[in-house]
Structures are given as C-alpha cells and as structure tokens.
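Chemist:
There are 2 protein chains.
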Amino acid sequence: MIKAGHSSLAEEVRERVLIATRARFGQYGYNKTTMAEIAKDCDMSAANLYRFFEDKQAIGAALACQTLAEKERRLRDVIVQPGLSATQRLEAFVRALFRFTYEQFHDKPRIGELVEMISRERADIIGQHKEVTRSLLATVLAQGNASGEFDVRDPSASAETVIVATTIFCVPYFLHWYTREQFEQLFKQMMELIVRGLEKR
Amino acid sequence: MIKAGHSSLAEEVRERVLIATRARFGQYGYNKTTMAEIAKDCDMSAANLYRFFEDKQAIGAALACQTLAEKERRLRDVIVQPGLSATQRLEAFVRALFRFTYEQFHDKPRIGELVEMISRERADIIGQHKEVTRSLLATVLAQGNASGEFDVRDPSASAETVIVATTIFCVPYFLHWYTREQFEQLFKQMMELIVRGLEKR
DNA sequence: TGCCTGAATAAATTCTTTATTGTTCACAAA
DNA sequence: TTTGTGAACAATAAAGAATTTATTCAGGCA
C-alpha cells in the first residue's frame, strides 16, 4: 500500500474526508454510505481515498476517535472549570456525559450504526475511552477527598462504580426507555443518592 | 375461535405445552421453534394448539409471565426471609435479581430471542413486572426506615433509583460486558455505595 | 355435541441469482 | 517522483424464486 505521509497537506485531506463522512454517516448511516459518495463529496475518486485511509472501517474508526476526543475535551472542561465544589463538579461531569450522548443520538439516530460497528470491530477504541473517562472522574473524586467533601478510599474504583450506576444515562441502548423528563427526574435522584454515598460524614 | 374453557383439564394441557415450549425455546430459540415441533412434543396436532393459545406469540407471552412470576416469587422470598437487617435484605434482593438474570441466560443464551420479542410486542408484560419489582423493593426500603437503618423520603422513588443504578446487573444486554468476577466486584462496590447513600446518619 | 385432525392458504423464511459496493492495481498526468 | 484515475476483482447486499411455517377451517371420530 502506498501510504500518504504525515505532511500537513495529507492531514488536511484526511480532515476534509472526515467532515464529509460525518455528514453522510449522520444522515444515512454507516452501512448505506458508499466510498464513492464520500469520494464525490471530496472531489476525488474512490480509489484515492485509500491513499489516506486503510479502508472504510478505518474512516469510521477515525471519526469515532474524533468524536470521543471531543467528548473527553468537554469532560476536561468540567474538570478545570473554576469555582465548583467537588459535588457540583461530579454532577456537572455526569450531566456532560448524559448530554453528549443524548445530543449525539437525538438529531442523528443513524449514528448508532457507527457505534455498533466500532463496538464490534474496534472494542479497543471504546475500552480506551472508558479508561480515560474513569480516570477523569477519579480525579474529581480525589479532589472531593482533598477538599473534605468526600470520603472515598479508592477513587479509581469508586469512579467505576459511579459510571456503572449512571450507565443508563450514557448508553444509547437506553435512550428510548424513558422520556427526557423522566431522565431528568432520574438523574436528579441518582446524583442525590451517589453524593450521599460518597460524602464524608 | 373456539376458546377452551377454564377447566382444570385445559389448564393441565396449557401447562404441558408450556413445559415442552420452554425446552424448545431454551435450546433452539423462539424463532427456530415451530408450532409443529411443539405440537409433536405434546402428542397433538399443530391445529390443536390453537384451542389453548391464541397464537405462537401468546405461548411466548405465557412462558414469559410464568418465568417472571417465578422471579417475583424469589424476590418475595427475600422479603419474608426472617432475621435480616434492612441492609442485608436490600443486598439479598439485588443479588437475587442479578442471579436470576445471570442463571437464565448462562445455560440458555437463546432465551434472549423470547425476551426480545416480548420487549418489542408485549411491553405491558415487562412494564408490569418492573412495577412489581419496584414496589417490592420499596417495601424493603420502608422497612429500613422503620428500623432506623435508612433515611428515605420517598421509598418508591428511591426504589426506582436503586433499580436504575443496578440495571447493569439485571439487563441481559450487559451480561457480556464483564466477567462473572468483575460483576461480583462491581456488585460489592455498588451495594456499598447505595447503602451509604440510603443510611440514616 | 364436544374434541381433534389434515388439508388449504397466507405470511414469513431460506435459498439463489443478480446488482452494488469495497478494494486493488497497472498506469496516466503533473 | 507525486498524485491521482479507471478498470478489474472479490465481497457484500438487494431482489426474486422456492420453501417452510403460522394460522384457519371444513369435516371426522368419539
């Protein structure tokens, strides 16, 4: 395979391809988007796409990585946001998780096909993202320990527990189990329970 | 339709049909089990099945109801089991939920087809079961209030929250996300968090 | 009359064939 | 050499034909 180099030009092309692909995948889904269509959107031949991406799956993977990176960026924003107590930060963190998932699937339901493919074929990407998320949440809990708000023995383990408890808010599978209003109500109650469970007393 | 009466004889036949069906659905799944096969197992014609059940879906629904009734029976057992603190009862309750789901799908993975069909076509059955489960758990929390162990404003709402937090242990969808050992670890940590969150202080 | 069946029919499933799509490669333009 | 393309090939999906299955019903047997 002739692999395109790492010149900024090549990166620019990759970026353009991903932008076109994002629109296609969002509107028509992973399966019904053809390489020819993506190529046409970028004014190039389908064959030429292969100079920038291994194959169609690699385009999907790159798109997923981009999206998860954006999600992680928003989580980091919560972490560095000044003037929040650990409790507020924890709540904002989980809310950011929920909001991101909800928005992602509300206007673009067909993006689920991409998620399904990545979960099946590239579990490593999901796993790494989960690890990052857990690690970020652990820092929030550790901050709470430091400030005297929380009393958490193992921040990393507790972060995992909190993520499991709030799974329903972050896994697309559940988005149609409840209405938005019900989610809001459940979210409020869940955060109350979790905070009470972590609090120093 | 000639509807079979409610004689104990008809009930006996229905019972035999369900026993045969359970074996078939467990081994081959809902979709690949034919009415003819079920009928043969019961030494009758396929046509005769329709004197006892509306259609194939109704057999599946009856089987699901039977299974959920058994699950509810086990939950009630936990509730009346003597000599437990509210905390222990809560833990036993959630563990019973987990164990039932796990056992159900461990030796009979193809039973998932039935669950999928019921979730899609007979959401009412699932909804009623969820309601019963929530109600039973609410009594455990109320007991905890009475004994001074818990401090729960709205036992019904908190029951819902606890169920949501432990969804991962009870929804077949997640059974392959973690190993049994990981589930045990998560379970332990989750119960710790929840109990701390409900405790009177 | 009550209880059950085999044959008939319509709906769903599987199998087969055809068309589309993903991917490679030899080669052309710059 | 670098950047790209159209044509060829293999894999996948779509469409259509053949088969199986769910369901009904007229009638047989106690």
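Residue numbers (the working numbering), protein chains in the order written: chain Z, 152 to 352; chain U, 152 to 352.
Here a beta-carbon is modelled for each residue, glycine too, at the ideal position from N, C-alpha and C.
It should be emphasised that the depicted structure is a prediction, and the values quoted were computed from it without experimental measurement.
Alpha carbon to alpha carbon, how far is leucine 226 of chain U from valine 229 of chain Z?
Modeler: Taking the second sequence and counting its residues from 1, one reaches residue 226 of chain U at position 75. Taking the first sequence and counting its residues from 1, one reaches residue 229 of chain Z at position 78. The straight-line gap from Cα to Cα measures roughly 41 Å.
Chemist: Looking only at DSSP bridge pairs, what is phenylalanine 301 of chain U linked to?
Modeler: Position 150 of the second sequence, counted from the first residue, corresponds to residue 301 of chain U. According to DSSP, phenylalanine 301 of chain U bridges with U:Glu350.
Chemist: Roughly how many whole angstroms lie between the Cα atoms of alanine 316 of chain U and threonine 318 of chain Z?
Modeler: Along the second sequence, read from residue 1 onward, the residue named residue 316 of chain U stands at position 165. Along the first sequence, read from residue 1 onward, the residue named residue 318 of chain Z stands at position 167. Cα-Cα distance, rounded: 8 Å.
Chemist: So is glutamine 255 of chain Z buried or exposed if we call it buried at 16+ other beta carbons inside 10 Å?
Modeler: As a first step, residue 255 of chain Z must be located in the first sequence, where it is residue number 104. Under this definition glutamine 255 of chain Z is a buried residue.
Chemist: Taking a Cβ distance cut-off of 9 Å, strictly less, list which residues of the stretch 331-342 of chain U are near chain Z, in chain order.
Modeler: Under the 9 Å Cβ criterion, the stretch 331-342 of chain U contributes Gln336, Leu337, Gln340 and Met341.
Chemist: Let me confirm a value: glycine 278 of chain U is counted as buried when at least 16 other C-beta atoms fall within 10 Å, else exposed. Which label applies?
Modeler: As a first step, residue 278 of chain U is located in the second sequence; it is residue number 127 there, counting from the start. It is exposed - the Cβ of glycine 278 of chain U has fewer than 16 other Cβ atoms within 10 Å.
Chemist: Mind pulling the alpha helix (DSSP H) runs of 4 or more residues that sit fully within the stretch 250-336 of chain Z?
Modeler: The qualifying runs are 263-272, 274-298, 306-316 and 318-321.
Chemist: Rounded to the nearest angstrom, what separates leucine 160 of chain U and phenylalanine 203 of chain U at their Cα positions?
Modeler: The residue you call residue 160 of chain U lines up with position 9 of the second sequence. The residue you call residue 203 of chain U lines up with position 52 of the second sequence. Taking the straight line from one Cα to the other gives about 11 Å.
Chemist: Once DSSP output is grouped into helix, strand and coil, what is the label at aspartate 228 of chain Z?
Modeler: In the first sequence, counting from the first residue as 1, residue 228 of chain Z sits at position 77. Helix at aspartate 228 of chain Z.
Chemist: Using a C-beta to C-beta distance shorter than 7 Å, which residues of chain U count as neighbours of valine 315 of chain Z?
Modeler: Taking the first sequence and counting its residues from 1, one reaches residue 315 of chain Z at position 164. Ile319, Leu337 and Met341, listed in chain order.
Chemist: Using the Cα positions of alanine 171 of chain Z and phenylalanine 325 of chain U, report the straight-line distance between them to the nearest angstrom.
Modeler: To locate residue 171 of chain Z, count along the first sequence from 1; it is residue 20. To locate residue 325 of chain U, count along the second sequence from 1; it is residue 174. Going by the C-alpha atoms only, they are around 33 Å apart.
Chemist: Between threonine 330 of chain Z and valine 266 of chain Z, what straight-line distance do the alpha-carbon atoms span, to the nearest angstrom?
Modeler: Looking up residue 330 of chain Z in the first sequence gives position 179. Looking up residue 266 of chain Z in the first sequence gives position 115. Near 22 Å, if we compare the C-alpha coordinates of valine 266 of chain Z and threonine 330 of chain Z.
Chemist: Residues of the stretch 246-275 of chain U in Cβ contact with chain Z at a cutoff of 7 Å, in chain order, please.
Modeler: If the cut-off is 7 Å between Cβ atoms, the stretch 246-275 of chain U has nothing near chain Z.
Chemist: Identify the contact partners of leucine 344 of chain U in chain Z, using a Cβ-Cβ distance below 9 Å as the criterion.
Modeler: Here the question's residue 344 of chain U lines up with position 193 in the second sequence. By Cβ distance, chain Z contributes Ser309, Thr312, Val313, Ala316, Leu344, Ile345, Gly348 and Leu349.
Chemist: For the putative contact between alanine 247 of chain Z and arginine 285 of chain Z, defined by C-beta atoms under 8 Å, what is the C-beta separation to the nearest angstrom?
Modeler: Reading the first sequence from its first residue, position 96 is the one you call residue 247 of chain Z. Reading the first sequence from its first residue, position 134 is the one you call residue 285 of chain Z. Not confirmed; about 15 Å, so no contact.
Chemist: Check whether chain Z comes within 8 Å of tyrosine 181 of chain U, counting only Cβ atoms and requiring the distance to be less than that.
Modeler: For the purposes of this step, residue 181 of chain U is taken as the residue at position 30 of the second sequence. With 8 Å as the cut-off, tyrosine 181 of chain U does not count as an interface residue toward chain Z.
Chemist: Touching or not, the stretch 192-201 of chain Z and the stretch 229-239 of chain Z, by the rule of three or more beta carbon pairs under 8 Å?
Modeler: Contact fails: fewer than three Cβ-Cβ distances are below 8 Å.
Chemist: Taking Cβ positions only, does arginine 352 of chain U come closer than 8 Å to chain Z?
Modeler: Translated into the one-based positions of the second sequence, residue 352 of chain U becomes position 201. Interface residue, yes.
Chemist: Suppose the cutoff is 8 Å on Cβ atoms and the five residues either side in sequence are ignored; what does the same chain contact list for arginine 175 of chain Z look like?
Modeler: Start at 1 with the first residue of the first sequence, and residue 175 of chain Z comes out as number 24. Closer than 8 Å at the Cβ level, and outside the excluded window around arginine 175 of chain Z, lie Thr184, Glu188, Ile189 and Asp192.
Chemist: DSSP on methionine 342 of chain Z, reduced to helix/strand/coil?
Modeler: As a first step, residue 342 of chain Z is located in the first sequence; it is residue number 191 there, counting from the start. It is helical.
Chemist: Relative to the alpha-carbon of glutamate 166 of chain Z, which residue among Z:Phe320, Z:Val303, Z:Gln340 and Z:Leu214 has its alpha-carbon at the smallest distance?
Modeler: Taking the first sequence and counting its residues from 1, the one referred to as residue 166 of chain Z is at position 15. Cα-wise, what sits closest to glutamate 166 of chain Z is Z:Leu214.
Chemist: So, with DSSP's three-state summary, where would you put phenylalanine 203 of chain U?
Modeler: What you label residue 203 of chain U is simply residue 52 of the second sequence in a count that begins at 1. Note: phenylalanine 203 of chain U maps to coil in three-state DSSP.
Chemist: In this structure, does DSSP put leucine 235 of chain Z in helix, strand or coil?
Modeler: Within the first sequence, numbered from 1, the residue matching residue 235 of chain Z stands at position 84. In this structure, leucine 235 of chain Z counts as coil in the three-state DSSP scheme.
Chemist: Is tyrosine 201 of chain U close to chain Z? Criterion is C-beta to C-beta, closer than 8 Å.
Modeler: Here residue 201 of chain U refers to the residue found at position 50 when the second sequence is read from its first residue. Closer than 8 Å: no.
Chemist: Give every residue of the same chain whose Cβ lies closer than 7 Å to the Cβ of lysine 154 of chain U, excluding the five residues on either side of it in the sequence, and list them in chain order.
Modeler: On the second sequence, residue 154 of chain U is found 3 positions in, with the first residue counted as 1. No answer about lysine 154 of chain U holds up, because its pLDDT of 44 lies below 50 and its placement is not dependable.
Chemist: Cβ atoms of alanine 198 of chain Z and isoleucine 269 of chain Z: under 8 Å apart, would you say?
Modeler: Here residue 269 of chain Z is taken as the residue at index 118 of the first sequence, counted from 1. Here residue 198 of chain Z is taken as the residue at index 47 of the first sequence, counted from 1. No, the pair does not count as a contact, with Cβ atoms beyond the cut-off.
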